[in-house]
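Asks:
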Amino acid sequence: MNKVFCILSLIIFTQLNTFSQEISSKMINSISFSKPNENKLSNFIIAALDEEFSVSFDVLSGIEYDLYYTIDHYDFDWKKSELLKSEFIQGFDEVKINNYTSSFNTYQIYTNYNITFPNSETSLKKSGNYIIRILDEYGDELFNRKFILYEKLCSVKTEIKRSRELEFINEKQVVNFEVIPLNLQLNNPERNVKTLIVKNNDLNNSIFNLKPQYKIGNKLIYKYDKESSFWGGNEYLYFDNKSIKTSNVEIQDYRLNDIYQNFLFIDYPRYNRKYTYNPDINGGFLINASNVENPSNEADYVNIYFSLENSNNLFNKDDNIYIVGEFNNYSKNRIYKMQYDYKKNKFEAVIKLKQGFYNYKYLMKNNSNLKINFQNGEIGGNFDETENIYSVVVYYRNFGERYDRAIGFGKGSSNYITN
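Those letters in the sequence shown? Residues 1 to 419, by our numbering.
1. So S56 and N98 are in contact, right, with Cβ under 8 Å, and what is the actual spacing, rounded?
2. Which one or two residues does DSSP pair with E348 in a beta bridge?
3. If we ignore side chains and look at the alpha-carbon of each, how far apart do Q252 and L237 end up?
4. Do L182 and S163 have their C-beta atoms closer together than 9 Å?
5. What first and last residue would you give for the beta strand (DSSP E) that runs through R162?
6. To the nearest angstrom, how far is it from the Cα of V394 to the Cα of T276?
7. Distance, Cα to Cα, Y107 vs N282?
8. With a threshold of 16 other CB atoms inside 10 Å of the CB of P279, please say whether the residue is buried or exposed.
9. Quick check on DSSP: helix, strand or coil for N382?
10. Tell me, please, which residues DSSP counts as bridged to I115.
11. How about the segment 325-339 and the segment 43-57: do they share at least three Cβ pairs that are nearer than 8 Å?
12. Note the first and the last residue of the continuous beta strand (DSSP E) segment covering K219.
13. Let me make sure I understand the geometry here. Which of I304, D58, R145, N37 has the alpha-carbon closest to that of N297?
14. What residue range is occupied by the uninterrupted alpha helix (DSSP H) comprising E87?
15. Taking C-beta to C-beta, are L308 and Y362 nearer than 9 Å?
16. Would you report the Cα separation of Y254 and V302, rounded to the nearest angstrom?
17. According to DSSP, is S32 helix, strand or coil?
18. Need the endpoints of the alpha helix (DSSP H) that N297 sits in, please.
19. Pull up the CB-CB distance for F409 and Y150, whole angstroms please, since I reckon it's below 8 Å.
20. Taking 9 Å as the threshold (beta carbon to beta carbon), is A47 in contact with chain C?
21. By a C-beta neighbour count over all protein chains shown, 10 Å radius and 16 as the cutoff for buried, is Q90 buried or exposed?
22. Roughly how many angstroms separate the alpha carbons of N187 and V174, rounded to a whole number?
23. Ignore the nearest five residues each way along the sequence and tell me which others in S206's own chain have a CB closer than 8 Å to its CB.
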């Protein structure tokens, strides 16, 4: 009898414990897109329709959950397109993710999930805008990410210029471009052609739907100034903690509690300093760890301590300052918001991140009582010399078509900025 009671108690305890371990979005970390042979990870990706790419993320738990993905097609303005699933998906939708690996030899236990497209169950047939959603076993969404697939039906030639507005000539960058059709007739381009310009893979920092200014033969010419201008920003700050048990030029101290803690050197507002070139990866990040074979499941998680000096009491204690980069999809979520420390007169935040190389910056959000006007929230300042990457996507919907095709893609670097 006692034996039966013990067995029943164990079963009930196990069921209750399993129920209490339901997955939540707070357990998700290190969401990224990647392409083969690229040396950085992104949270937004633009790929050719026939190009391979992967989506990866971690669940900070030792439980291997049953997770699923579903994909939807969108028009250029991110409204759902009229296409049926069967028209843009070859194979299946709401597919279980079968490629996952438990962490190995790490303080933080986690499970790494990876999806590569195309795969044996899902292939995407149409170009355009997409959103992938990751669902739990009950069909509840854990997170989503946007991506774009394009056809090679036109070439896009980009050129980065300094602003012609004298007031902003040292602070802004302007994107000019030409669209050259390849074996495609662009009918009524003023109405049927749409465009998207994205700075450093940040969809929050993009310009939609510029119309061609004029045509030369079959070329569409876009040579705007104000309409296609971006604040230059500054080079990203960075840290490298592939070795979590050493200090370096970015990390001043480390400790081990339940997991490792890395303390970065104090950062300072750079808006009032001269521009200094600092090589970066334009907001991206890379998972990496020393002396391991597979960083995707052998890199550990570390609490990163950020601090921003309140120089000359520039900020108010209630100012909304965030740490952003591609590692968090440039999100101004509360978990990335800094808190003011009265005694130290600085803003601080702790973010749990997987070992690797990270670009980040500090952004101000919607503050009207600032002593300094941080254009576009850039606490680091805005400089025309800053090296940025600009991506241009061209969309086309001919008369009678039911969705916006992405027909071309171009990329330009402000390394080659001209007057």
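Yeah, the Cβ is synthetic: ideal placement off N, Cα and C, and Gly gets one too.
Replies: So, to answer that:
1. Contact doesn't hold; Cβ gap of about 14 Å is too wide.
2. S307, Q339
3. 15 Å
4. no
5. Where R162 is concerned, the enclosing beta strand (DSSP E) stretches over 154-162.
6. 34 Å
7. Near 30 Å, if we compare the C-alpha coordinates of N282 and Y107.
8. P279 is exposed by the Cβ-count criterion.
9. Secondary structure of N382 (DSSP, three-state): coil.
10. V55
11. Three or more beta-carbon pairs drawn from the segment 325-339 and the segment 43-57 are found closer than 8 Å, and the two stretches are therefore classed as touching.
12. K219 -> beta strand (DSSP E) spans 219-222.
13. Out of I304, D58, R145, N37, the CA that lies nearest to the CA of N297 is found in D58.
14. Per DSSP, E87 belongs to the alpha helix (DSSP H) from 85-88.
15. yes
16. 10 Å
17. strand
18. 295-298
19. 5 Å
20. Considering every chain present, this structure includes no chain C. It has just one protein chain.
21. exposed
22. 27 Å
23. Contacts found: L196, I197, V198, K199.
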